[in-house]
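Trainee:
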Amino acid sequence: QLDADNELLRGTAIIEDHAGQDGPDSGVDLSALDRETRPQDDFYQFVNGGWLDHTEIPEIYSGYTVYHQVNEEAEKALRTIIEAAAKNQGEPGSEAQQVGDIYSSFMDEEKINQAGIQPARPELNLVDSIDGPEDLAGVMATLNRRGVMVPFDVAIFPDLKDSARYAVYFDQSGLTMPNRDYYVETDNENFATAREALPAYIANMLMISGMDATEAEAAAKKVYAIETRLAEAQWDSVDNRNPDKIYNPYPVDSLEKLGVNLDWPVIRATLGINAAEKLIIEQPSFMMALDKMIAETAVDDWKNYLRFRILDSYGTNLDQTTADARFEYRNRILNGQQTERPRWKLGISKVNRMVGESVGKLYVAEYFPPEAKVKMQELVANVIATLDNDLNTLEWMSPETRQMARNKLSKFTAKIGYPDEWKD
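The letter at position 279 of the sequence shown is residue 697 when you use our numbering, and the numbering goes up by one with no holes.
(1) Our contact map puts Y587 next to I698 with C-beta atoms below 8 Å; I'd like the distance itself, whole angstroms only.
(2) Where does Q590 fall in DSSP's three states?
(3) Roughly how many whole angstroms lie between the Cα atoms of Q821 and V801?
(4) For the alpha helix (DSSP H) holding K721, just list the boundary residues, first then last.
(5) In this structure, does DSSP put Y668 in helix, strand or coil?
(6) Under the DSSP definition of a beta bridge, which residues are partnered with D577?
(7) Thinking C-alpha only, which one of V717, I644 and D577 is nearest E667?
(8) Report all residues from its chain with a CB closer than 6 Å to the CB of A573; omit the five preceding and five following residues, and keep chain order.
(9) Measure the CB-CB distance between G729 and F524 and report whether it falls below 9 Å.
(10) For L751, does the three-state DSSP call read helix, strand or coil?
(11) Quick check on this structure: which residue in N608, D671, D657 and P617 has the alpha carbon closest to the alpha carbon of E695?
(12) Do you know offhand how far M794's Cα is from V782's?
(13) Which residue from V446, R748 and K791 puts its Cα closest to that of T734?
(14) Beta-carbon within less than 6 Å of G534's beta-carbon, same chain only, minus the 5 sequence neighbours each way: which residues are those?
(15) Would Q652 be called buried (16 or more neighbouring beta carbons within 10 Å of its own) or exposed?
(16) Between P617 and the rest of its own chain, which residues show a CB-CB distance below 7 Å, the 5 nearest in sequence each way excluded?
(17) Report the rounded CA-to-CA distance for R456 versus D599, giving the unit in angstroms.
(18) Can you tell me whether S627 is buried or exposed? The criterion is at least 16 other CB atoms within 10 Å of its CB, across all chains shown.
(19) Tell me where the beta strand (DSSP E) around L827 begins and ends.
(20) Tell me which residue opens and which closes the alpha helix (DSSP H) that L689 is part of.
(21) I698 bridges to which residues according to DSSP?
(22) Tell me which residues share the same chain as A649 and place their Cβ nearer than 7 Å to its Cβ, disregarding the 5 neighbours each side in the sequence.
(23) State the DSSP-derived secondary structure class of Y786, mapped to helix, strand or coil.
(24) For a test of the three-state rule: what should DSSP assign to L420, helix, strand or coil?
(25) Measuring only the C-alpha atoms, how far is A473 from E758?
(26) Given this structure, state the Cα-to-Cα distance separating L426 from Q458, to the nearest angstrom.
(27) Does DSSP classify V572 as helix, strand or coil?
(28) Going by DSSP in three states, K768 sits in which element: helix, strand or coil?
(29) In the structure shown, what three-state DSSP assignment does M567 receive?
(30) Determine the extent of the alpha helix (DSSP H) in which G467 is found, giving its start and end residues.
(31) Return the Cβ separation of E775 and W840 in integer angstroms, given the expectation that the two are a contact with Cβ distance under 8 Å.
(32) Following the continuous alpha helix (DSSP H) through V656, name the residue where it begins and the one where it ends.
(33) Is E454 helix, strand or coil when you go by DSSP?
(34) Quick one: what does DSSP say I802 is sitting in, helix, strand or coil?
(35) Less than 9 Å between the C-beta atoms of F461 and M623, yes or no?
(36) Between the C-alpha atoms of T688 and Q701, what's the straight-line distance to the nearest angstrom?
And the structure:
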C-alpha cells in the first residue's frame, strides 16, 4: 500500500512539474485540484475538488461541467459565423442561406409573438376532426410524423438481429414527465413535486389552445389520468435496457395480435412504412394496453390529450406565452433550470439540430483548414501503423488471435474534424 501511495504522489509531482514548465498552455488546470484530499484516498475529489468548490451553476443550466465551458466558447464562435450568414446569405440553397434563414426566422420574436399558436393550427384542426376512436390511430401517426409526442414513437435503424438490413421499431412514449417512475413511485419527493405541478401545466396549455379556465382544469385532470394509465402500462428502464426483451418482431399480418382498436394498416400507410414486412414492437404489452385504452377512454379526453401534446411538443417554437409556460414546467420544475438561455443560444442550438452539417461546413472553413486535417490523419495513421507492428510481437497472442486483432484494426475508420463528403 505504501508503494502504491508513493507512486500516486510521485505521479502528481510529475504532473505539477510538467504544468509548471509549460505554463498555462500545458492543458493541466492545477486550480481544479483539491489539495486537502490525498489522491490515493479519493482520486475524483483530488482531481476535481477545487473546480467543484469554486464553480457555481449558472442559472441558465440545470447542471454544469467543463464541457459546458468548452461548448460556450464554441457557441461564441458559432454566433459570429451564423449571424454573418444571416446578413450575407449568398446563393439560394447554399449553407449560408440555410443557416441564415433558420436563425433569422427564430430570432424574429415580434413576428413569432404576433402569430401566437397559429403555426400549430393545422395540427390542432386535425385533432378537432376526430369523430370517433377509429380516427385516433391515423391522427396519432400523422402527429408522430410531424414531431409531436404521442403514445408510440417510431424509429428506423439497423435490425438488431441482422445489421445489414434496416428495421422499423415501435417504442412506448406519450409521457410528459421523464419516465414511468415519476407517475408510479410514491416515496420520491422530487417525483411528487413534478406530479403535483403537472395538471396545472396541462390546464395552462389547454387554456392557451382556447379553453376557459374551468373547462381546462377539468380536462387537465382527465389528460393526467391518461398519462398515468400509459405510465402504469409502460416497461421500466431495466427491461428497456435488455436488447433481447425489446426485440419482438411482428410480421405485418400478425399485428392484430396486439389488439384490434389500433388501426395498423392506417398507421403503416400514414407513416410510409408499408414496404416493411415486419415491425419490431419493443414493448408488446404496452401496445396491447394502448389498444385497450383506445376503446375505453372517451374520445374527447383523447382529443384534449393530443391538443396538449401538440402545444407541449411545439412550445419552444411558438409565442413567448406558450414558450414560457413550457419552460416553467419542463425546465424549472423538472430540471431545476432557473432562467431560460439567451435567445441567440437557443437559436444556435436550433440551427445545429436542423442543419448541423451546414453549420459544421461554415465552422471548419473558418477554424479547421484542410492542412490541419491532413496533419491529424498522418498522426492517426502513425498510431495505427505502430499498433499493427506491436501486434506482431506480442508473445501472449496466439497466431489466430493476432490475425483477428489485425483484421479488426484494418477496419478502423478515422473521423477527423469533418466528413470527406458533406450531406446536404
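C-beta atoms are modelled at their ideal positions from N, C-alpha and C, and glycine is treated no differently.
Source: prediction; values computed, not measured.
Mentor: The short version:
(1) As a first step, residue 587 is located in the sequence shown; it is residue number 169 there, counting from the start. As a first step, residue 698 is located in the sequence shown; it is residue number 280 there, counting from the start. Between Y587 and I698 a beta carbon distance of about 5 Å is seen, short of the 8 Å cut, so the two are scored as contacting.
(2) The count along the sequence shown starts at 1 and reaches residue 590 at position 172. Q590: strand per DSSP, three-state reduction.
(3) By 1-based counting over the sequence shown, the position of residue 821 is 403. By 1-based counting over the sequence shown, the position of residue 801 is 383. Their Cα atoms are separated by approximately 18 Å.
(4) In the sequence shown, residue 721 corresponds to position 303, counting from 1. Unbroken alpha helix (DSSP H) run through K721: V717 to Y732.
(5) Position 250 of the sequence shown, counted from the first residue, corresponds to residue 668. If DSSP states are grouped into helix, strand and coil, Y668 belongs with the strands.
(6) Taking the first residue of the sequence shown as position 1, residue 577 is located at position 159. Paired residues: D580.
(7) Position 249 of the sequence shown, counting from 1, holds the residue named residue 667. According to the sequence shown, residue 667 is Pro rather than Glu. The shortest Cα separation from P667 among V717, I644 and D577 belongs to D577.
(8) Working through the sequence shown from its first residue, we reach residue 573 at position 155. Cβ within range, chain order: Y587.
(9) Numbered from its first residue, the sequence shown carries residue 729 at position 311. Numbered from its first residue, the sequence shown carries residue 524 at position 106. Correcting the residue identity first, residue 729 is Leu in this sequence and not Gly. No.
(10) What you label residue 751 is simply residue 333 of the sequence shown in a count that begins at 1. Note on identity: in this sequence residue 751 is Ile, with Leu being the wrong assignment. It is helical.
(11) Here residue 695 refers to the residue found at position 277 of the sequence shown. Checking every option, the nearest Cα to that of E695 belongs to D671.
(12) Numbered from 1 along the sequence shown, position 376 holds the residue referred to as residue 794. Numbered from 1 along the sequence shown, position 364 holds the residue referred to as residue 782. Approximately 14 Å, taken between the alpha carbons.
(13) Within the sequence shown, the letter at position 316 stands for residue 734. The shortest Cα separation from T734 among V446, R748 and K791 belongs to R748.
(14) Residue numbering aside, residue 534 sits at position 116 when the sequence shown is read from its first letter. D737.
(15) Within the sequence shown, numbered from 1, the residue matching residue 652 stands at position 234. It counts as buried.
(16) As a working note, residue 617 is residue 199 in the sequence shown. Only A638, K639 and Y642 meet the Cβ criterion.
(17) Indexing the sequence shown from 1 puts residue 456 at position 38. Indexing the sequence shown from 1 puts residue 599 at position 181. In a straight line, the C-alpha of R456 is about 39 Å away from that of D599.
(18) Counting from 1 along the sequence shown, the entry for residue 627 is found at position 209. Burial call: buried.
(19) As a first step, residue 827 must be located in the sequence shown, where it is residue number 409. No beta strand (DSSP E) contains L827, which is instead part of the alpha helix (DSSP H) from P817 to S828.
(20) Residue numbering aside, residue 689 sits at position 271 when the sequence shown is read from its first letter. Looking at the DSSP string, the run of the alpha helix (DSSP H) that includes L689 is W682 to L689.
(21) Along the sequence shown, one-based indexing puts residue 698 at 280. DSSP, once it has assigned bridges, lists Y587 and P667 as partnering I698.
(22) Numbered from 1 along the sequence shown, position 231 holds the residue referred to as residue 649. Cβ contact annotation for A649 (same chain, cutoff 7 Å, sequence separation greater than five): L593, R598, Y601 and V602, in chain order.
(23) Locating residue 786 in the sequence shown gives position 368, counting from the first residue. The residue you asked about is not Tyr; residue 786 is Phe in the sequence shown. Looking at F786 - three-state DSSP - the assignment turns out to be coil, as it is neither helix nor strand.
(24) Residue mapping note: residue 420 aligns to position 2 of the sequence shown, counting from 1. Summary for L420: the model assigns pLDDT 42, below 50, so the residue's position carries little reliability; its value from the coordinates is reported in the next sentence. In this structure, L420 counts as helix in the three-state DSSP scheme.
(25) One-based indexing of the sequence shown puts residue 473 at position 55. One-based indexing of the sequence shown puts residue 758 at position 340. With the sequence shown as reference, residue 473 is identified as Thr, and Ala is not the correct amino acid for it. Pairing T473 with E758, the inter-Cα distance amounts to about 20 Å.
(26) Locating residue 426 in the sequence shown gives position 8, where the first residue counts as 1. Locating residue 458 in the sequence shown gives position 40, where the first residue counts as 1. Only weak support exists for where L426 lies, its pLDDT of 48 falling under 50; the value from the coordinates is given anyway. Approximately 7 Å between the Cα atoms of the pair.
(27) The residue given as residue 572 occupies position 154 in the sequence shown. Of the three classes helix, strand and coil, the one that applies to V572 here is strand, per DSSP.
(28) As a working note, residue 768 is residue 350 in the sequence shown. Of the three classes helix, strand and coil, the one that applies to K768 here is helix, per DSSP.
(29) In the sequence shown, residue 567 corresponds to position 149, counting from 1. Correct three-state label for M567: coil.
(30) For this step, residue 467 is matched to residue 49 along the sequence shown. First-last of the alpha helix (DSSP H) with G467: F461 to H472.
(31) Position 357 of the sequence shown, counted from the start, is the residue given in the question as residue 775. Position 422 of the sequence shown, counted from the start, is the residue given in the question as residue 840. Between W840 and E775 the Cβ distance is about 6 Å, and since that is below 8 Å, they are a contact.
(32) Against the sequence shown, residue 656 aligns to sequence position 238. Residues S655 to N658.
(33) By 1-based counting over the sequence shown, the position of residue 454 is 36. Here DSSP, grouped into helix, strand and coil, assigns E454 to coil.
(34) Within the sequence shown, the letter at position 384 stands for residue 802. DSSP places I802 in helix when its eight states are reduced to three.
(35) The count along the sequence shown starts at 1 and reaches residue 461 at position 43. The count along the sequence shown starts at 1 and reaches residue 623 at position 205. In this structure, M623 does not lie closer than 9 Å to F461 by Cβ.
(36) By one-based count along the sequence shown, residue 688 stands at place 270. By one-based count along the sequence shown, residue 701 stands at place 283. Each residue's Cα considered, the two are about 21 Å apart.
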